[in-house]
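**Q** So the protein sequences, as listed, match chains A and B.
If you want our numbering, it's the position in the first sequence, counting the first as 1, plus 726.
If you want our numbering, it's the position in the second sequence, counting the first as 1, plus 726.
Protein chains: 2
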Amino acid sequence: MNKKVTIVDIARESGVSKTTISRFLNGKFDNMSANTRSRIEATIARLDYHPNRQAQSLKARRSFLIGVAIADISNMYTSRLLKGIGDYFQSTPYQVLIMDADNDSTREASNLEKMMTEQVDGVILQPLTNHPSHYQNIIDAQLPVVQVDRYTHPVIWPAIVSDNYQKSREVANLLKQSNYEQVVVLSNHIHGISSRMNRLKGLADALATTTIKISQIEITSDRHWEGQLLSYLKCTKKTAIFALNGHVLWSTIRFLQTQKILIPDQVGIIGYDDDQYADMLTPAITAVSQNPQEIGRVAADTLIQNIERDQFPADIVRIPAFLHIRDSL
Amino acid sequence: MNKKVTIVDIARESGVSKTTISRFLNGKFDNMSANTRSRIEATIARLDYHPNRQAQSLKARRSFLIGVAIADISNMYTSRLLKGIGDYFQSTPYQVLIMDADNDSTREASNLEKMMTEQVDGVILQPLTNHPSHYQNIIDAQLPVVQVDRYTHPVIWPAIVSDNYQKSREVANLLKQSNYEQVVVLSNHIHGISSRMNRLKGLADALATTTIKISQIEITSDRHWEGQLLSYLKCTKKTAIFALNGHVLWSTIRFLQTQKILIPDQVGIIGYDDDQYADMLTPAITAVSQNPQEIGRVAADTLIQNIERDQFPADIVRIPAFLHIRDSL
DNA sequence: TTGAAAGCGCTAACAA
DNA sequence: TTGTTAGCGCTTTCAA
Chain A
727 MNKKVTIVDI ARESGVSKTT ISRFLNGKFD NMSANTRSRI EATIARLDYH PNRQAQSLKA
787 RRSFLIGVAI ADISNMYTSR LLKGIGDYFQ STPYQVLIMD ADNDSTREAS NLEKMMTEQV
847 DGVILQPLTN HPSHYQNIID AQLPVVQVDR YTHPVIWPAI VSDNYQKSRE VANLLKQSNY
907 EQVVVLSNHI HGISSRMNRL KGLADALATT TIKISQIEIT SDRHWEGQLL SYLKCTKKTA
967 IFALNGHVLW STIRFLQTQK ILIPDQVGII GYDDDQYADM LTPAITAVSQ NPQEIGRVAA
1027 DTLIQNIERD QFPADIVRIP AFLHIRDSL
Chain B
727 MNKKVTIVDI ARESGVSKTT ISRFLNGKFD NMSANTRSRI EATIARLDYH PNRQAQSLKA
787 RRSFLIGVAI ADISNMYTSR LLKGIGDYFQ STPYQVLIMD ADNDSTREAS NLEKMMTEQV
847 DGVILQPLTN HPSHYQNIID AQLPVVQVDR YTHPVIWPAI VSDNYQKSRE VANLLKQSNY
907 EQVVVLSNHI HGISSRMNRL KGLADALATT TIKISQIEIT SDRHWEGQLL SYLKCTKKTA
967 IFALNGHVLW STIRFLQTQK ILIPDQVGII GYDDDQYADM LTPAITAVSQ NPQEIGRVAA
1027 DTLIQNIERD QFPADIVRIP AFLHIRDSL
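(1) Within 10 angstroms of the Cβ of Q897/B, are there 16 or more other Cβ atoms? Answer buried if so, exposed if not.
(2) Between which two residues does the beta strand (DSSP E) containing G994/B stretch?
(3) Which same chain residues, not among the five before or five after A867/A, have their C-beta less than 8 Å away from its C-beta?
(4) Here's a check: name, in chain order, each residue in its chain whose Cβ is nearer than 7 Å to the Cβ of V683/A, leaving out the five neighbours to either side.
(5) Between A689/B and Q1016/B, is the Cβ-Cβ spacing less than 7 Å?
(6) Can you list, in chain order, the residues of its chain whose CB lies under 7 Å from that of P1018/A, leaving out five sequence neighbours each side?
(7) Under a CB-based cut-off of 7 Å, is M727/B close to chain A?
(8) What residue does the alpha helix (DSSP H) around V1024/A start on, and which one ends it?
(9) Could you tell me which chain B residues have their CB closer than 8 Å to the CB of W883/A, listed as they occur along the chain?
(10) CB-CB under 8 Å to S941/B, same chain, minus the five flanking residues each way: which ones, in chain order?
(11) Please look up how many angstroms separate the CB atoms of K902/B and V1014/B, rounded, as I've assumed it's under 8 Å.
(12) Taking only the alpha-carbon atoms, compute the straight-line gap between G753/A and I766/A and give it to the nearest angstrom.
(13) Buried or exposed: D1041/A, going by 16 or more other Cβ atoms within 10 Å of its Cβ?
(14) Taking 6 Å as the limit between beta carbons, can you name the residues of its chain near E834/B, skipping five residues before and five after?
(15) Between the stretch 1023-1031 of chain B and the stretch 937-953 of chain B, can you find at least three pairs of beta-carbon atoms closer than 8 Å?
(16) Buried or exposed for R876/B, going by 16 or more other Cβ atoms inside 10 Å?
(17) What beta strand (DSSP E) runs, 3 residues minimum, are completely inside the stretch 804-890 of chain A?
(18) Using the Cβ count rule (16 or more neighbours within 10 Å means buried), how would you classify F1038/B?
(19) Does at least one heavy atom of the ligand HEM sit under 6 Å from the Cβ of L988/A?
(20) Using 10 angstroms around the beta-carbon of V779/A, count the other beta-carbons present and answer buried if the total reaches 16, otherwise exposed.
(21) Under the DSSP definition of a beta bridge, which residues are partnered with Q941/A?
(22) Identify whether H1050/A lies in helix, strand or coil by the three-state DSSP scheme.
(23) Does the CB of R1035/B have a neighbour CB from chain A at under 7 Å?
(24) Give me the chain A residues within the contact set of E1061/B, using Cβ-Cβ distance strictly less than 7 Å, ordered along the chain.
(25) What residues in the stretch 992-1014 of chain A have a beta carbon less than 8 Å from any beta carbon of chain B?
(26) At the 7 Å Cβ level, is I824/A part of the contact set with chain B, yes or no?
(27) Straight-line CA distance for N863/B to V1043/B?
(28) Please determine, among N837/B, I792/B, L791/B, the residue with the shortest C-alpha to C-alpha distance to G812/A.
(29) Determine the burial state of G741/A: buried for a count of at least 16 other Cβ atoms within 10 Å of its Cβ, exposed for fewer.
(30) Between N801/A and K964/B, what straight-line distance do the alpha-carbon atoms span, to the nearest angstrom?
(31) For T690/B, count the other beta carbons within 10 Å of its own beta carbon; 16 or more makes it buried, fewer makes it exposed. Which is it?
(32) What does W951/A touch in chain B if you count any residue whose Cβ is under 9 Å from its own?
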C-alpha cells in the first residue's frame, strides 16, 4: 500500500505552510495570491490528495455522519425510503451510515451503540419498538433523531409517516360500499408498531357504527394463520381481507391461489403494496401505496434543520398515501 | 448539546491515566489489576462513554469503513445484496458506507471520490461502466476492491457475480424444447454491463447451431420499444421474450396485459426475477432467480481477506442462479 | 501494574 | 498574504 499523502506533503511540494493548504481546502481565498492558489491546486491534482475526513472530524468535533437505523433492509418500502434519504444527502457534506436491524431488537440496540461510537451527528430511526426506554442511550446523548414510518409512544422525536389512520377510513368506506359483512385484518406483529396500530384503529373507528365485524390475525413464522383465515372464510358472511403490509399481502394472495379461493368472488382483498405490482395480478389488487421516497426526503431535511438550525418542526408529519381502487374488492 | 465524554474524563474519574483506559478499551488485561479493571468498567458505564472512532481511526491510519458503491438502490436485487453485505459486517468492527449512483456515471465517480475522502479501507463496487479507466483514482490509490454483479473489461479486481452465461444456455434449451422459432431479448442499456452481455451471449452461443432467430430491443426512457416489440410479434414465427432483468420483465408483462396479448399462447416469456413474485401471476412466469444475498456475503468476505490478509482469491466467482420453470413459456 | 509524552492529519487563533 | 503553534481524542513506546 502506498503511503497516504497528507496536508504536509502538499504544503512542502507547494512551498507554503499547511495553514495555507487548510485555507485552500476550506475555500478561504479572500487573502490568497492567485499564484499560491493555482500552485496548490496543481500540487493537489498531481499527488491526488484527499483530505483526511477523520482528522477533520476530530478537529471539528462532528463527524458529518448520519446514522440510518432501519428495521429490515430487504423490502421495497425501505429501498425507496433509502433512495429519498440518499438523494437528499447527495449534495450535502454528510455521509449516511445505514444499519439494518433485521427486525431484531437486540441488533437494533447494537446498531445504535455503533452509531454512537461512530459519533454520528444525527439519526434517522425506524423504531422496532414503541417504548422510549429502548432508546435511553441516544436520549441521554441528546442526539438529534427523526423517526420514519413509525413512532414511539409517547412521541419523543419528530416523525415522518404515512397517513395510515386516514387511509384506513377510506378503506372502510370501500368496504361499506361493497356491502362486506366481515373484514379480517392480517398483519405481522402489530403491538408497538404505530403504523400498523393506526391502520387497524382507523378501520375499527370507521366501522364502529356499522355491523361489519372486524377480526384480526397475526402472522407468525409457523403457518397457523392459514388455518385461522380458512375458518373465517367458512362462514357465510361476505368477507374481505385487509393486509397491513406488502409482504403479508403477497403471502395471503399466494395462499388463496394455492387454495383455489377466488378473488373477489369468494373473498375480497385489499392491502398495502410496497412493490407497486398490485396492478399486475389477475384480478388487479386494490391497494394502498405509500410514498417512502418522500418520507425519506422530508425526514432527512427535518433532521438537518434540527442539527444545523436547532429547529424542531412539527411532531408528526403525515405524507399522503394513495388508495388505488382496482378489482379485488 | 452536552459535552462529549472523552478518555480523559474516564481516566480522571477512575483515578488512572488515559494509557490504562486505552489498554482497557483494547482488551489488554494481561497486566491490569482486577480492581482497576472493574473501576474503569464502572466509570465507563456511569458516564456512558463511547470511544471516539475518528480519533481511533486517525491514530490507526485506517477508518474501518467499507464503501459500497451501488448502481441503483431501489430494487430488490440491491436490497438483498445489501442484506448479505450487512449481515457479514455485523459481527466485525467495520461499518458500511452505502452510496447509490442512481445509474448515473457522474454520480458514481463523485461517490468514489467521497469514499476516498472518508478513507474507506476497501470498496464493494457494482460498476456502471466496464472500462477500468473510469476507476483510475481508486486504482491509483491501490484501494482494495471487489466487484459485484458485473465486472470491468479487462477484469482488474475480483468479481462475485451470477452464472449468467450458463443460465442463458439453460434458457436456450427450454426455448428449443418448446419449439420457439424466434426470441426477442429485452433489456436496458446493455453495452458495458457484463452481466447483461453474458446473458445475451450465452443465449446467442447456445442458439448459434439452431434456426432460432435472436433479436434485441434496448429499452429507453421513451416508449419506443413497445412498437418495436409489437412489430416482432406480428410475424408468424412462434416467439418468446427474454427479459434481462426484473424491471424489464414486469414492464413487458404489464405492456402485454394492456395489449391483451396472451401468455403463453400468443407469446412466451421468460426473464430475470429480482422480486420473486413471478409465481404469483397468471400464468406463473418462468424465471431465473439469482442469489444476491450470497453474492453480497461472498463479496464482503473476499474483500476482508484482501484487506486483512493480502489474499487475492479467484478473479471471478460465479454464484449459481436458479431457473424456475413455470407456465409462461 | 501503571504513566508520561509524542504524534496521527487537520483547523484556527494569533502573530507577523 | 502567509506562518507558528496548540490541540481535537486516541494509541503506543519507553520508562518507572
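For each residue, glycine too, the CB sits at the ideal point set by N, CA and C.
**A** On the basis of the data shown:
(1) Correcting the residue identity first, residue 897/B is Val in this sequence and not Gln. Buried is the call here.
(2) 994-998
(3) M842
(4) This structure does not reach residue 683/A, given that chain A is present from 727 up to 1055, and the question cannot be answered.
(5) Residue numbering for chain B in the displayed model covers 727 to 1055; residue 689/B lies beyond these limits and cannot be assessed.
(6) Y803, R806, L807, G810
(7) With a pLDDT of 41 at M727/B, under the threshold of 50, the predicted position of this residue should be treated as unreliable, though the coordinate-derived value follows. At least one chain A Cβ lies under 7 Å of M727/B.
(8) 1018-1035
(9) The premise fails here: W883/A is roughly 15 Å from chain B at the closest Cβ pair, so nothing lies under 8 Å.
(10) Q908, V909, V910, V911, Y958
(11) Not confirmed; about 17 Å, so no contact.
(12) 12 Å
(13) exposed
(14) A827, L854
(15) no
(16) buried
(17) 821-826, 848-851, 871-874, 885-888
(18) exposed
(19) For the ligand HEM, the structure offers nothing, since it holds no ligand at all.
(20) Looking at the sequence provided, one finds Arg at residue 779/A rather than Val. Buried is the call here.
(21) Correcting the residue type first, residue 941/A is Ser in the shown sequence and not Gln. Answer is V910/A.
(22) strand
(23) no
(24) What the structure shows of chain B is the stretch from 727 to 1055, and residue 1061/B is not part of that stretch, so it cannot be assessed.
(25) D1001, Y1003, D1005, M1006, L1007, T1008
(26) yes
(27) 25 Å
(28) N837/B
(29) exposed
(30) 37 Å
(31) An answer regarding residue 690/B cannot be provided, because it is not within the stretch 727 to 1055 covered by chain B.
(32) Within 9 Å Cβ-Cβ: nothing; W951/A doesn't reach chain B, min ~18 Å.
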